[in-house]
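Asks:
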Amino acid sequence: MSDLISIKGGRDGLRMRFDDSAEWGSLVEQLERQLAQSQAFFNGARLTLDLGDRAVSEAQLAELLDLMRQHGVVADALSANARESRNAARAAGITARPLPRYPDPVPGAAPASGESEALLLTRTVRSGQVVRHSGHITLIGDVNPGGEVIAGGSVIVWGRLRGFVHAGALGNSEALVCAIELHPTQLRIADQIATAPKGDRHHVPEVARIEAGQIVVESWESYKR
Amino acid sequence: MARVITITSGKGGVGKTTTTANLGTALAMRGSRVAVIDADIGLRNLDVVMGLENRIVYDLVDVVEGRARLRQALIKDKRLPELCLLPAAQTRDKDAVSPEHMIDLTNQLRNDFDFVLIDSPAGIEGGFRNAIAGADEVIIVTTPEVSAVRDADRIVGLVEAAEKGPPSLIVNRIKPRLVSRGEMLSVDDVLELLMITLVGIVPDDETIVTSTNRGEAAVYDQSSTAGKAFLNIARRLNGDEVPFLALQEQPGVIERLMGIFGRRRP
Numbered sequence: 021m022s023d024l025i026s027i028k029g030g031r032d033g034l035r036m037r038f039d040d041s042a043e044w045g046s047l048v049e050q051l052e053r054q055l056a057q058s059q060a061f062f063n064g065a066r067l068t069l070d071l072g073d074r075a076v077s078e079a080q081l082a083e084l085l086d087l088m089r090q091h092g093v094v095a096d097a098l099s100a101n102a103r104e105s106r107n108a109a110r111a112a113g114i115t116a117r118p119l120p121r122y123p124d125p126v127p128g129a130a131p132a133s134g135e136s137e138a139l140l141l142t143r144t145v146r147s148g149q150v151v152r153h154s155g156h157i158t159l160i161g162d163v164n165p166g167g168e169v170i171a172g173g174s175v176i177v178w179g180r181l182r183g184f185v186h187a188g189a190l191g192n193s194e195a196l197v198c199a200i201e202l203h204p205t206q207l208r209i210a211d212q213i214a215t216a217p218k219g220d221r222h223h224v225p226e227v228a229r230i231e232a233g234q235i236v237v238e239s240w241e242s243y244k245r
Numbered sequence: 419m420a421r422v423i424t425i426t427s428g429k430g431g432v433g434k435t436t437t438t439a440n441l442g443t444a445l446a447m448r449g450s451r452v453a454v455i456d457a458d459i460g461l462r463n464l465d466v467v468m469g470l471e472n473r474i475v476y477d478l479v480d481v482v483e484g485r486a487r488l489r490q491a492l493i494k495d496k497r498l499p500e501l502c503l504l505p506a507a508q509t510r511d512k513d514a515v516s517p518e519h520m521i522d523l524t525n526q527l528r529n530d531f532d533f534v535l536i537d538s539p540a541g542i543e544g545g546f547r548n549a550i551a552g553a554d555e556v557i558i559v560t561t562p563e564v565s566a567v568r569d570a571d572r573i574v575g576l577v578e579a580a581e582k583g584p585p586s587l588i589v590n591r592i593k594p595r596l597v598s599r600g601e602m603l604s605v606d607d608v609l610e611l612l613m614i615t616l617v618g619i620v621p622d623d624e625t626i627v628t629s630t631n632r633g634e635a636a637v638y639d640q641s642s643t644a645g646k647a648f649l650n651i652a653r654r655l656n657g658d659e660v661p662f663l664a665l666q667e668q669p670g671v672i673e674r675l676m677g678i679f680g681r682r683r684p
């Protein structure tokens, strides 16, 4: 993502962090560009807005929410230090919270870039359920037909992947999709789309990735060589 | 204290109402006091399947809106005095009832019955939410069709999200011959996807059509294999260990020949 707006996935879902000092107009412009660029990732998403120390008026927040709504994004909550921002959120009918106090990062720890954060889940993703995360997703369990897994990074499924999967949904074409049984109704990596060939079900672990601009799928055995 | 069990499916037409009527009857035949509730407001069916249509005076909405007491609205079954039906309203829609109403209603029934079975409408909207609101347990009915199983999977997720615990499963209308030829999903295929506890396998059985049309539960009919399966489910709900019916039909000549020349992979 850009330096002005960053997306992070945490335990309680996606978080969109806005830069504190940038000029408002350029921030809105940047948001519009990113929402349009990563349509596949954002459409249907629910997230928390993180405004840091910035004070935002009711009109400014309304503009922001309107823009997000146009791209199918719903803001569930807002966290901000400025009281004015929290009041604006309440006026718009959104839960407002002060910013949680995070401990200072440990010196020498890896920088918390979106991609380095992985989400580990143990469950079945059933029809109608969506798992969405800005980093990698590791799922111990099946993705059933009608279920969706959407990640900014790679997707690893320790189980049967029979639903919809989108890796690199924020534009990363290096992302992989791996599954013990890879048989998705549709598989996307970055902006490429593939469907599983009808009928033949391989019962070997497989890896999907982009090669020469196309999605290719091969067995784990041949991939690791 | 009654166990309140909602019977639901997501997809319509898979046999929720038939299942509710037969399970209710089977449980009552085995000596339990049973109330069945038709929660499909506006598309009243359970009364017809149980042959009680002509006895309705008050319905669920009358009770909710205070025109009748619950006792007045409950209809006694023709044969089994321990079986009662609370019919749905036919002239209203789902919005006439709220989840709170259903919780209140089921709580009123808990002291007087051993089982309360709720027949849910199809879908995942208000009617479904009403139907599961008061439930302790949920049974999902599906047929071995891809679309029905997909909807059942959606329902499992919603039931879990509503914190009703993992639902259990009835696979209805299995055709053993089609399954053995690999042309119909098997019970194992369905279970592999849904991963919930199986409480019953009901074979496809023509006697169900005649028994529902006559308004007599199939469990009365000794010759009905579906009726036998429903009786078994009732026993399992009572805690008995009952093996699943062997649904293997005698293979036809062609299948037997195919068997000689080696099995095709499903």
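One line per chain: the protein sequences are R and G, in this order.
With our numbering applied, the first sequence corresponds to residues 21 to 245, in that order.
With our numbering applied, the second sequence corresponds to residues 419 to 684, in that order.
Note that beta-carbon positions come from the ideal geometry of N, C-alpha and C, so glycine has one too.
What first and last residue would you give for the alpha helix (DSSP H) that runs through ALA447(G)?
Replies: Here residue 447(G) is Met; the residue named in the question, Ala, does not match the sequence. Segment 434–447, the alpha helix (DSSP H) holding MET447(G).
Asks: Determine the extent of the beta strand (DSSP E) in which GLU78(R) is found, giving its start and end residues.
Replies: GLU78(R) -> not in any beta strand (DSSP E); alpha helix (DSSP H) instead, spanning 78–90.
Asks: Measure how close the beta-carbons of LEU535(G) and LEU441(G) come, nearest whole angstrom, since I'm counting them as under 8 Å.
Replies: Confirmed, Cβ separation roughly 6 Å.
Asks: Check whether the Cβ atoms of ASP554(G) and ARG421(G) lie closer than 8 Å to each other.
Replies: Against a cut-off of 8 Å, the Cβ pair of ARG421(G) and ASP554(G) comes out as a contact.
Asks: Note down, in chain order, all residues in the segment 550–572 of chain G with a beta-carbon under 9 Å from any beta-carbon belonging to chain R.
Replies: Those would be VAL564, VAL567, ARG568, ASP569, ALA570, ASP571 and ARG572, in chain order.
Asks: Rounded to whole angstroms, what's the CA-CA distance from PRO505(G) to ILE626(G)? Just pull it up for me.
Replies: Approximately 21 Å between the Cα atoms of the pair.
Asks: With H, G and I counted as helix, E and B as strand and the rest as coil, what does DSSP make of GLY134(R)?
Replies: The predicted model places GLY134(R) with a pLDDT of 45, which falls under 50 and marks its position as unreliable, so this point remains unresolved.
Asks: Could you tell me whether any Cβ in chain G is nearer than 8 Å to the Cβ of ARG146(R)?
Replies: Yes, contact with chain G.
Asks: Closest to ASN650(G) by CA distance: which of ALA453(G), THR443(G), PRO517(G) and MET613(G) is it?
Replies: Of the candidates ALA453(G), THR443(G), PRO517(G) and MET613(G), the one whose C-alpha sits nearest the C-alpha of ASN650(G) is THR443(G).
Asks: If you check the beta carbons only, do ASP513(G) and THR435(G) fall under 8 Å apart?
Replies: It is not a contact, given that the beta carbons lie outside the stated cut-off.
Asks: Using a Cβ-Cβ cut-off of 8 Å, state whether PRO120(R) counts as contacting chain G.
Replies: It does not: the Cβ of PRO120(R) has no partner Cβ on chain G nearer than 8 Å.
Asks: Return yes when the Cβ of ILE459(G) is within less than 8 Å of the Cβ of PHE473(G), no when it is not.
Replies: According to the sequence provided, residue 473(G) is Arg. The question's Phe does not apply to it. In this structure, ILE459(G) does not lie closer than 8 Å to ARG473(G) by Cβ.
Asks: How about LEU55(R) and LEU24(R): do their beta carbons lie closer than 8 Å?
Replies: No, these two residues do not count as a Cβ contact at 8 Å.
Asks: Excluding five sequence neighbours on each side, which residues of the same chain lie with their C-beta closer than 7 Å to the C-beta of ALA399(G)?
Replies: Not covered by the structure: residue 399(G). The range shown for chain G is 419 to 684.
Asks: From the DSSP output, in three-state form, read off ILE27(R) for me.
Replies: Correct three-state label for ILE27(R): strand.
Asks: Assuming VAL574(G) and ILE619(G) form a contact by the criterion Cβ under 8 Å, report the distance between their Cβ atoms to the nearest whole angstrom.
Replies: Wrong, their Cβ atoms sit about 18 Å apart, outside the cutoff.
Asks: Thinking C-beta only, is SER99(R) closer than 8 Å to ASP70(R)?
Replies: Yes, Cβ-Cβ distance for ASP70(R) and SER99(R) is below 8 Å.
Asks: What are the residues in the segment 584–616 of chain G lying within 7 Å of chain R by C-beta distance?
Replies: Per Cβ criterion, the list reads LEU611 and MET613.
Asks: Return helix, strand or coil for ILE209(R), following the three-state DSSP convention.
Replies: Looking at ILE209(R) - three-state DSSP - the assignment turns out to be strand.
Asks: Kindly list, in the order they appear in chain R, the residues whose Cβ is closer than 7 Å to that of VAL574(G).
Replies: Ordered by position in chain R, the residues that pass the 7 Å Cβ test against VAL574(G) are ARG146.
Asks: Pairing CB atoms from the segment 452–471 of chain G with CB atoms from the segment 585–592 of chain G, are three or more of them under 8 Å?
Replies: Touching, no.
Asks: Please classify LEU119(R) as buried or exposed, where buried requires at least 16 neighbouring CB atoms within 10 angstroms.
Replies: Exposed, by the Cβ-count rule.
Asks: Going by the C-beta, is GLU563(G) closer than 7 Å to any heavy atom of the ligand ADP?
Replies: Ligands are entirely absent from the displayed structure, and the ligand ADP is therefore not among its contents.
Asks: Near GLN212(R), what residues of its chain come up, given a Cβ to Cβ distance below 7 Å and the 5 sequence neighbours on each side ignored?
Replies: Contacts found: ILE230, GLN234 and ILE235.
Asks: Could you tell me the alpha carbon to alpha carbon distance between VAL145(R) and HIS186(R), rounded to whole angstroms?
Replies: So the alpha carbons of these two residues sit roughly 14 Å apart.
Asks: In terms of alpha-carbon separation, which member of LEU196(R), ALA82(R) and ALA216(R) lies closest to TYR243(R)?
Replies: Nearest option by C-alpha distance: LEU196(R).
Asks: Please classify ASP511(G) as buried or exposed, where buried requires at least 16 other C-beta atoms within 10 Å of its C-beta.
Replies: By the neighbour-count rule (16 or more Cβ atoms within 10 Å), ASP511(G) is not buried but exposed.
Asks: Cutting at 6 Å between CB atoms, please list the residues of its own chain near LEU470(G), excluding the five before and the five after it.
Replies: For LEU470(G), where only same-chain residues beyond five positions count, the Cβ hits under 6 Å are ILE493 and LEU503.
Asks: Measure the alpha-carbon distance for ASP124(R) versus LEU139(R) and round it to whole angstroms.
Replies: At ASP124(R), the pLDDT of 45 sits below 50, so the modelled position is not reliable; the number obtained from the coordinates is stated separately. C-alpha separation (whole angstroms): 22 Å.
Asks: Between the C-alpha atoms of ALA116(R) and VAL76(R), what's the straight-line distance to the nearest angstrom?
Replies: Going by the C-alpha atoms only, they are around 13 Å apart.
Asks: Could you run through the segment 142–175 of chain R and flag, in chain order, every residue whose CB is less than 7 Å away from some CB of chain G?
Replies: Answer set for the segment 142–175 of chain R: THR144, ARG146, SER147, GLY148, GLN149, ASN164, PRO165 and GLY166.
Asks: In three-state DSSP terms, what is THR215(R)?
Replies: The answer is coil: DSSP assigns THR215(R) none of H, G, I, E or B.
Asks: Roughly how many angstroms separate the alpha carbons of LEU67(R) and LEU202(R), rounded to a whole number?
Replies: Whole-angstrom Cα-Cα distance: 29 Å.
Asks: Following the continuous alpha helix (DSSP H) through PHE61(R), name the residue where it begins and the one where it ends.
Replies: Element bounds for PHE61(R): 59–62.
Asks: Around the C-beta of SER41(R), are 16 or more other C-beta atoms found within 10 angstroms, so that it is buried, or is it exposed?
Replies: The residue is exposed, with fewer than 16 neighbouring Cβ atoms inside 10 Å.
Asks: Extract the residue ranges of the alpha helix (DSSP H) inside the segment 444–507 of chain G, only unbroken runs of 4 or more that lie entirely within it.
Replies: List check, alpha helix (DSSP H) in window: 464–467, 478–482 and 488–491.
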